Amino acid sequence: MLLLQGGQDTVVVPEAQQVYCANVNAGAKPPGRCEGRSLDAARHVLLVERDDLRNPALAAVLDFFADTAAKSAAGKGPVPGAR
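To get my numbering, take the position in the sequence shown, counting from 1, and add 25.
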């Protein structure tokens, strides 16, 4: 799971997102199923920001997908949501 947070978010408390990710990881088998990334200059709706703020969010999503696919192909973990 990828959890993106805007550093300038006034809707969601960043610490709560970090706690959520830590709780997911604590109960996950294998561990590390929640990856939190912060985009310091972005606000709450990351994909509706200006291009210079939205593009890093999109890049993070695409990188996460590529990394997850590579790990799955290498047999280093299941695809999230797969049964």
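Note that the Cβ used here is the ideal one computed from N, Cα and C, for glycine as well. Treat the numbers as computed from the prediction; the structure is a model and nothing was measured.
Item: Coarse secondary structure for E40, derived from DSSP in three states; Value: helix
Item: Counted within 10 angstroms of its Cβ, other Cβ atoms place L64 as buried (16 or more) or exposed; Value: buried
Item: Sub-8 Å separation of R68 and Q42 beta-carbons; Value: no
Item: Cut-off 6 Å between Cβ atoms - residues of its own chain near Y45, not counting five sequence neighbours on either side; Value: none
Item: One or two residues paired with G61 in a DSSP bridge; Value: L28
Item: Exposure of R108, with buried meaning 16 or more beta-carbon neighbours within 10 Å; Value: The predicted position of R108 is uncertain, since its pLDDT is 41 and thus under 50; a value taken from the coordinates is nonetheless stated next. So R108 counts as exposed.
Item: Close Cβ partners of V49 (< 8 Å) along its chain, the five nearest in sequence each way excluded; Value: M26, R58 and C59
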